[in-house]
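**Q** No gaps in the numbering here: position 137 of the sequence shown is 236 in our numbering, and each next residue is one more.
Note that CB positions come from ideal geometry on N, CA and C, so glycine has one too.
Dumping the structure here so I can ask a few things about it.
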Amino acid sequence: MIRSRYLQHRARAGDPVALARILVSIPSVNPDLEPGGAGEEEIARQCAEWLGEWGYEVRLGRVAEGRWNVTASRGQGDPVLLLNGHLDTVGVRGMEGNPFSGELRGGRIWGRGAADMKGGVAMLLATAAGLAREPWPGGCLRLALTADEENASLGMQVLLQEGLSAHAAVVAEPTSLAVMPAHKGFLWIEGEVRGRAAHGSRYDLGVDAIFHAARFLAALEEVQEELEARPRHPLLGRPSFHVGTIQGGTAPSVYPHSCRFVLERRTLPGEGPAEAMAAFHRVFRDVKRNTPAMAGRLRQGLFRAGTEVPLDSPLVQGLLQAVREEGMPDKVEGMTAWVEAGCLNEAKIPAVCFGPGSIA
């Protein structure tokens, strides 16, 4: 962590740049994504300390070994506004220099998570600090800073199971300060094609699982064409898919007995997993019918639904009005990635994304 007394003083005063720099300097790599990742404990304790100093009721919640949520609240009654951000980051392998420097250079903060999403968390914390210094406007402000968003959203799932509620939520993902009321979901489709291992010289015995898998993957061009022909969502465009991973074979001189792959299908709001898988099942059946020696299956993997909040909702229109009052462009765009706004929307808490930094 950055130990500068000046920066620590500015952070306690609610300066968003100082808050972001200190947050970036605290490693919080998700250990489920990169072995040895620090997890969220240190960064959670730092956020809890600041929020406590500003007069919020704070709770640290352990959701797994080394994995922590922070929740805080101030005020009571209705309405209840929730501010949400995640504390974990993706890995740092291959990054040049110190990935946790928090250096301010050329008007930018450098380091892992500066955009996704410690800049957003700093914005939420600065908002909490600023409101604590003013006459309370009424209602209740809640903050939920979560663990594990970059992997399985374990932290958010725990909070919702515990009864997290609000009338509206702002998720401070990096949107370049565009209001993003809609986001895509995703479905992982796990496939396996089975063959028969044999020496490369024994064409009479071997069945090439990779070759058969390739036939199926090439045949998916018709699914691609179907998706391209669909009407566009006004903010999110069309659904899509790609082959994320493929594994198979044991040696160049051996017929591969197995080929495994994972497809990712990006979904629009309202699309369920069965609907998204139907076209892939159809193509798989067709290829098997025309390839007698082919065996295998497709299986539904992880699914996260796309969701959206109506453009005319008080939450979207209120954010746009606030942006205009600050003299900034009132942009409405779609969030192409899946984010924890989806969990909140499915729990009947209207949630939109709005935050500093670019998702790129």
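Would you give the residue range spanned by the beta strand (DSSP E) that Val292 belongs to?
**A** Unbroken beta strand (DSSP E) run through Val292: 284-293.
**Q** With Gly395 as the anchor, note down where its beta strand (DSSP E) starts and where it stops.
**A** Per DSSP, Gly395 belongs to the beta strand (DSSP E) from 394-403.
**Q** Where does Gly154 fall in DSSP's three states?
**A** Coil at Gly154, not helix or strand.
**Q** Helix, strand or coil for Trp167? Go by DSSP, reduced to three states.
**A** Looking at Trp167 - three-state DSSP - the assignment turns out to be strand.
**Q** Measure the C-alpha to C-alpha separation of Leu180 and Glu140 and round it to an integer number of angstroms.
**A** So the alpha carbons of these two residues sit roughly 25 Å apart.
**Q** Assuming contact is defined by CB atoms lying nearer than 9 Å, are Val342 and Val382 in contact in what I supplied?
**A** Their beta carbons are not under 9 Å apart, which means Val342 does not touch Val382 by this criterion.
**Q** Would you tell me roughly how many angstroms separate the C-alpha atoms of Asn250 and Leu419, rounded to the nearest one?
**A** Using only the alpha carbons, I get a separation of about 31 Å.
**Q** In three-state terms, what does DSSP make of Arg365?
**A** In this structure, Arg365 counts as strand in the three-state DSSP scheme.
**Q** May I ask you to report which of helix, strand or coil DSSP gives Ile125?
**A** Reduced to three states, the DSSP call for Ile125 is coil.
**Q** What's the gap between the Cα of Ile125 and the Cα of Asn389?
**A** Cα to Cα, the separation comes out at about 56 Å.
**Q** For Ala137, which residues from the same chain have a beta carbon less than 7 Å from its beta carbon, with the 5 sequence-adjacent residues on both sides left out?
**A** For Ala137, where only same-chain residues beyond five positions count, the Cβ hits under 7 Å are Pro126, Ser127, Val128.
**Q** How many whole angstroms separate the CB atoms of Gly284 and Trp437, which I take to be in contact at a CB cut-off of 8 Å?
**A** About 5 Å; that satisfies the 8 Å criterion.
**Q** Nearest chain D C-beta to Ser339 closer than 9 Å, yes or no?
**A** The structure shown contains no chain D; it is built from a single protein chain.
**Q** To which residues of the same chain is Arg109 closer than 7 Å at the C-beta, ignoring the five residues directly before and after it?
**A** If we look at Arg109 and ignore the five residues flanking it on each side, its Cβ neighbours are Ala117.
**Q** In terms of residue numbering, what span does the alpha helix (DSSP H) encompassing His380 cover?
**A** Start and end: 372-388.
**Q** Would you list the one or two residues that DSSP bridges to Asn183?
**A** DSSP, once it has assigned bridges, lists Ala243, Val270 as partnering Asn183.
**Q** Fully enclosed by the stretch 202-256, which beta strand (DSSP E) runs are 3 residues long or longer?
**A** Entirely contained in the stretch 202-256, the beta strand (DSSP E) runs reaching 3 residues are, in chain order, 202-204, 207-209, 238-245.
**Q** Check the DSSP bridge columns for Ile345 and list the partner residues they point to.
**A** Paired residues: Phe360.
**Q** For Leu401, which residues from the same chain have a beta carbon less than 7 Å from its beta carbon, with the 5 sequence-adjacent residues on both sides left out?
**A** Excluding positions up to five away in sequence, the list reads Trp287.
**Q** Starting from Glu432, follow the beta strand (DSSP E) in both directions and report where the run begins and ends.
**A** Where Glu432 is concerned, the enclosing beta strand (DSSP E) stretches over 431-434.
**Q** Identify the continuous beta strand (DSSP E) that holds Ala450 and give its terminal residues.
**A** Unbroken beta strand (DSSP E) run through Ala450: 450-452.
**Q** May I ask you to report which of helix, strand or coil DSSP gives Pro115?
**A** Note: Pro115 maps to helix in three-state DSSP.
**Q** Tell me whether the stretch 394-410 and the stretch 433-448 touch, counting them as touching only if at least three CB pairs, one residue from each stretch, are closer than 8 Å.
**A** Segments in contact, yes.
**Q** Does Ala281 come out as helix, strand or coil in the three-state DSSP assignment?
**A** Looking at Ala281 - three-state DSSP - the assignment turns out to be strand.
**Q** Would the stretch 238-256 count as touching the stretch 294-306 if we require 3 or more Cβ pairs under 8 Å?
**A** Touching, no.
**Q** Ordered along the chain, which non-local residues of its own chain (more than five positions away) have a Cβ less than 8 Å from that of Ile121?
**A** Same-chain partners within the cutoff: Met100, Ile101, Leu106, Gln107, Ala110, Gln145, Gly201.
**Q** Drop a sphere of 10 angstroms on the beta-carbon of Ala271, count the other beta-carbons inside from all chains shown, and report buried for 16 or more, exposed for fewer.
**A** Buried, by the Cβ-count rule.
**Q** Is the CB-CB distance between Val415 and Pro280 below 9 Å?
**A** Cβ distance < 9 Å, so Val415 and Pro280 count as in contact.
**Q** What's the C-alpha gap between Leu230 and Tyr155?
**A** Cα to Cα, Leu230 sits roughly 11 Å from Tyr155.
**Q** Measuring straight from C-alpha to C-alpha, what distance separates Glu164 and His332?
**A** About 41 Å.
**Q** Leaving out five residues on either side along the sequence, give the residues of the same chain with a beta carbon under 6 Å from the beta carbon of Val292.
**A** The residues are Ala308, His311, Ala312, Cys358, Gly395.
**Q** Is it buried or exposed, Thr344, if we count other Cβ atoms within 10 angstroms and call 16 or more buried?
**A** Looking at its Cβ environment, which holds fewer than 16 other Cβ atoms inside 10 Å, Thr344 is exposed.
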